[in-house]
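Comments concern the structure below.
2 protein chains.
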Amino acid sequence: MDPQSHSQSPPPAAEDDPDAMPREQQQREEAPPGYVPPMSPEEVAAVEALLGYEFKDKSLVGEALTHGSFYLPYRSGDSTYERLEYLGDGVLTCLVSREVFLTYPDLPPGPLTRLRAANVDKEKLARVAVDHGINRFLRHKAPKLEEQIADFVKELGQYEYHSNGLLDAPKVLSDIVESLIGAIYVDSKYNQEQVWQVFRNLADPLISLETLGKHPVSELLEFGQKTGRIVDISKDGWVKDTKVDVFVDGVLVASATYAQKKEIASNRAAKAALDKLKEMSGQSDVQSAPAEAPEPLDELDHYGALELQ
Amino acid sequence: MDPQSHSQSPPPAAEDDPDAMPREQQQREEAPPGYVPPMSPEEVAAVEALLGYEFKDKSLVGEALTHGSFYLPYRSGDSTYERLEYLGDGVLTCLVSREVFLTYPDLPPGPLTRLRAANVDKEKLARVAVDHGINRFLRHKAPKLEEQIADFVKELGQYEYHSNGLLDAPKVLSDIVESLIGAIYVDSKYNQEQVWQVFRNLADPLISLETLGKHPVSELLEFGQKTGRIVDISKDGWVKDTKVDVFVDGVLVASATYAQKKEIASNRAAKAALDKLKEMSGQSDVQSAPAEAPEPLDELDHYGALELQ
Chain W
1 MDPQSHSQSP
11 PPAAEDDPDA
21 MPREQQQREE
31 APPGYVPPMS
41 PEEVAAVEAL
51 LGYEFKDKSL
61 VGEALTHGSF
71 YLPYRSGDST
81 YERLEYLGDG
91 VLTCLVSREV
101 FLTYPDLPPG
111 PLTRLRAANV
121 DKEKLARVAV
131 DHGINRFLRH
141 KAPKLEEQIA
151 DFVKELGQYE
161 YHSNGLLDAP
171 KVLSDIVESL
181 IGAIYVDSKY
191 NQEQVWQVFR
201 NLADPLISLE
211 TLGKHPVSEL
221 LEFGQKTGRI
231 VDISKDGWVK
241 DTKVDVFVDG
251 VLVASATYAQ
261 KKEIASNRAA
271 KAALDKLKEM
281 SGQSDVQSAP
291 AEAPEPLDEL
301 DHYGALELQ
Chain Z
1 MDPQSHSQSP
11 PPAAEDDPDA
21 MPREQQQREE
31 APPGYVPPMS
41 PEEVAAVEAL
51 LGYEFKDKSL
61 VGEALTHGSF
71 YLPYRSGDST
81 YERLEYLGDG
91 VLTCLVSREV
101 FLTYPDLPPG
111 PLTRLRAANV
121 DKEKLARVAV
131 DHGINRFLRH
141 KAPKLEEQIA
151 DFVKELGQYE
161 YHSNGLLDAP
171 KVLSDIVESL
181 IGAIYVDSKY
191 NQEQVWQVFR
201 NLADPLISLE
211 TLGKHPVSEL
221 LEFGQKTGRI
231 VDISKDGWVK
241 DTKVDVFVDG
251 VLVASATYAQ
261 KKEIASNRAA
271 KAALDKLKEM
281 SGQSDVQSAP
291 AEAPEPLDEL
301 DHYGALELQ
C-alpha cells in the first residue's frame, strides 16, 4: 500500500538531480506541521464501507490509520493515530458502560466492570479489526507488525469469543479500531449514537455474561481453594528459559513457555494444568467455563480480582 | 439525616407490640426488590441546586447518594450508588478525554492520558464533593466514613489543586460525584452535553498542564538520574512500623509513616526527601514543579510511567 502515490498535489519531480530527496520525503518537508499524507479516495471509500460510516472530513481516515513507523524518520509533531485512539478509548468506555448497564439492570458493579473491560479490551478489539479486515488499511513501515498480526490471525480461530489471556493480541490492531471510533466521534461532532451504531455492528456479538468465560489463572486458584490443594504457579524458570510451571500439592502438573510475556506464559501454563486436572479427575472436581453459566453472579465473584489485573 | 422520616407512605405503626420490627426495617421488608428509601423533597431540591440540574426522576438522587451501609443489614439487591458510579465513571472518562483532546490540539497521547487520569481521579473528584458540600447528603451508617472525610477535609487546604499522592482521599467521596454524574446521564436520556455542563461547573478549575504538578516519587527518581545519585525508597520498615525510608547514596535523607497505605507513606517520604534535598542544595540541582512549566511536554515525559501506576 503506498498512499503517497495517490497524493493530490505532487511536488515537481527532480529526477535529474542525484542529490535530490526522494519525492515522498521532499513532499513531507514542504508540508505544514501535523500534515497527514492522504489516503487514496478508493481506500477511504473502502474503509467507509466496512465501517458503515461516511466521513465529512476524509483526512481523519488517514490519520486514524497511520502508525508512527509510516514516517521514516519520525519527526515530533507528525500525525499518527494515537490522539484519535486516546479519544476513541474514552468514548468506547462510556458507550460500552451504558450498554452493559442497560442490558443487565440488576447486575452488581463488579461484573458490570468486568463486562466493560472485556469489551474494551485489546484482544476483543483486535478481533474486530481482523474480522472486518481493518488491518489491511494500516499504514506503517514496520515489517515486524505484519508478522505479529499474521501470528495472531493464525491462532484466533481456536477461541470462539475470547482466549481469556492465552493469546497475545498485537496492540496496533486494537489501537486502529479505537482510533477509527475516535475519528467518527470527531467527524460526527461528538455524536455518541452514531459512534455506537458503528461500533455495535463491528463488535457483534459483544461479550456477554454467558460468553465472558473464565481466566485460567483464576480458575486454577479457585480449583485449589475448592479442593483444598496447594496450587503454585512458579515463575522461577522464567529467566532461564521463559518457562512457567504449575505445581499442585508439590507435583509438577504442567508448564508453558512464551518468550514475549510472562503473563501469557502463566495463563497458558494454568490452562494446560486445568486441562490435565480435568482429564485426570474425569471432570469430577474441576469445572470448565460452562457455555451457559447457571449462576453467573456467584461464579463471577470468584475470579474478579485476578481478571482485572 | 434520616430520610426515612420523610418517606411518603409509612406503614402502620406497631408501637404497642414489643416484638415488632422497627418501622424502618418493616417498611423495607414490605418493599419490592431494588427499592430505594426516598430522600425528602427538600433534600432532593438542595442537591439539585448544588448540581445545577433538575431531575425528572427524583429517585435517582436518592440512589446516587446511598451507601451500602445505609441498609443494615444489607440484602443482595438493595440499591446503592455503585451501579450509577460505574456509569458515571464511564461518561466522565469520555467527556474529560474530549475536553483535554480539544484543549490541547497538539499534545501527544502520553500527556493527554495523564491529564485525563488527573481529572477523573479519586482525589480530584473527592475535592469536588467537598468543595460543593455534596458529602453532606451521603446516606450511610458507617461512622468511620465521617472520620475519614473529616481528616481529608482538614488536610485538603494544604494543596491548591492536587496533592499528587500525598493525601489519601476517601473513595466514597469520589464515588458519589461519579454516581450523581451517572444519574444525570440516565435522567437526561444519555445527553452527554448536559452531563458535561454540570461537571464542568462542579470541577472548575480542571487540572491543566500547568497545574498537573509532579508526582514526588517520580520527581525523586528523576533527580537521581539527573545527578547520578543512587536513590533508594526502602519499604523494609513497613511491616514493623509502617515506615518508608529514603536513602540517597546510602545516606538516610527522610522517612514517613502512614499506617493505612504503603503507597501514601512512600509518596510522603519522597516529598520529605525532595524538600530536604532542595534545602541542602539551595535549589541548585533539584527543581520543584514550576507554576508555569516552561517546557511542559519534555517534563511530562520523565514521570509518566510512575504517575499512572
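Keeping their order, the protein sequence lines are chains W and Z.
Read in order, the letters of the first sequence are residues 1 to 309 in UniProt numbering.
Read in order, the letters of the second sequence are residues 1 to 309 in UniProt numbering.
Backbone N, C-alpha and C define an ideal beta-carbon position, used for all residues, glycine too.
Since the model is a prediction, treat every value here as computed from it, not as a measurement.
Got a sec: which bits of the stretch 174-196 of chain W sit with their beta carbon under 7 Å from any beta carbon on chain Z, in order along the chain?
Y190, Q192
CB contact check: G52 of chain Z to chain W, cutoff 8 Å:
no
Would you say E63 of chain W lies against chain Z (beta-carbon separation less than 8 Å)?
no
Alpha carbon to alpha carbon, how far is A45 of chain W from E54 of chain W?
8 Å
Endpoints, alpha helix (DSSP H) assigned at L84 of chain Z
82-103
Express the C-alpha separation of I264 of chain W and K144 of chain W in angstroms, rounding to a whole number.
19 Å
R200 of chain Z by DSSP, collapsed to three states: which one?
helix
Determine the closest residue to A142 of chain W out of W:V120, W:V153, W:L167, W:V172, with distance taken between C-alpha atoms.
W:V172
Determine the chain W residues that contact P108 of chain Z at a beta-carbon separation under 8 Å, and present them in chain order.
E82, R83
Beta-carbon proximity list for V61 of chain W, same chain, < 7 Å, skipping 5 on both sides:
M39, V44, V47, F55, A183
My assumption, with CB atoms under 8 Å, is that L212 of chain Z sits in contact with A270 of chain Z. Please give the rounded CB distance.
Going by Cβ atoms, the distance from L212 of chain Z to A270 of chain Z rounds to 17 Å, so no, they are not a contact pair.
Should the stretch 223-238 of chain W be regarded as contacting the stretch 119-135 of chain W, the criterion being three or more beta carbon pairs within less than 8 Å?
no
Residue interval of the beta strand (DSSP E) (run including S255 of chain Z)
251-257
Test: V91 of chain W CB closer than 8 Å to a CB of chain Z:
yes
What does the Cβ neighbour count give for T93 of chain Z, buried or exposed, with the cut at 16 atoms within 10 Å?
buried
Three Cβ pairs or more, each shorter than 8 Å: is that satisfied between the stretch 156-167 of chain Z and the stretch 199-216 of chain Z?
yes
If the cut is a Cβ gap below 8 Å, which residues of chain Z does R136 of chain W touch?
Per Cβ cutoff of 8 Å: no residues; R136 of chain W is ~24 Å from chain Z at best.
Whose CA, out of W:Q197, W:D245, W:H140, W:S234, lies closest to the CA of Y74 of chain W?
W:H140
Beta-bridge pairing of T242 of chain Z - partner residues as DSSP gives them
None, per the DSSP bridge assignment.
Anyone know if the C-beta pair for L95 of chain Z and F199 of chain Z falls short of 8 Å?
yes
At least one CB of chain W closer than 8 Å to the CB of S69 of chain Z: is that the case?
no
Tell me, please, whether the CB atom of F101 of chain Z is closer than 8 Å to any CB atom in chain W?
yes
State buried or exposed for L220 of chain W, treating a residue as buried only when at least 16 other CB atoms are found within 10 Å of its CB.
buried
Local Cβ density within 10 Å of G165 of chain Z, reported as buried at 16 or more and exposed below that:
buried
Please report whether the beta-carbon of S59 of chain Z lies at a distance below 8 Å from any beta-carbon of chain W.
no
If you draw a straight line from the C-alpha of E63 of chain W to the C-alpha of W196 of chain W, how long is it?
21 Å
Given a cut-off of 8 Å on the beta-carbon distance, is the pair F137 of chain W and L65 of chain W in contact?
yes
Return the residue from the list Z:V246, Z:A256, Z:L202 that minimises the CA-CA distance to L50 of chain Z.
Z:L202
Span of the alpha helix (DSSP H), counted from its first residue to its last, around D131 of chain W:
122-131
Compare the C-beta of T227 of chain Z against all C-beta atoms of chain W and say whether one is closer than 8 Å.
no
Pick from Z:L72, Z:R83, Z:V36, Z:E29: whose alpha carbon is nearest that of S97 of chain W?
Z:R83
Check whether chain W comes within 8 Å of R127 of chain Z, counting only Cβ atoms and requiring the distance to be less than that.
no
If you follow the alpha helix (DSSP H) that E151 of chain W is in, where does it begin and where does it stop?
Residue identity differs from the one stated: residue 151 of chain W is Asp in this sequence, not Glu. Segment 143-156, the alpha helix (DSSP H) holding D151 of chain W.
Residue nearest to residue 372 of chain Z in terms of C-alpha spacing, selected from Z:A31, Z:P41, Z:K58:
Any answer about residue 372 of chain Z is impossible in this case: the structure gives chain Z only from 1 up to 309.
Let's test the definition: count the other Cβ atoms within 10 Å of the Cβ of V36 of chain Z and tell me whether it reaches 16, buried, or not, exposed.
buried
A150 of chain W, buried or exposed, once every other Cβ within 10 Å from all chains shown has been counted against 16:
exposed
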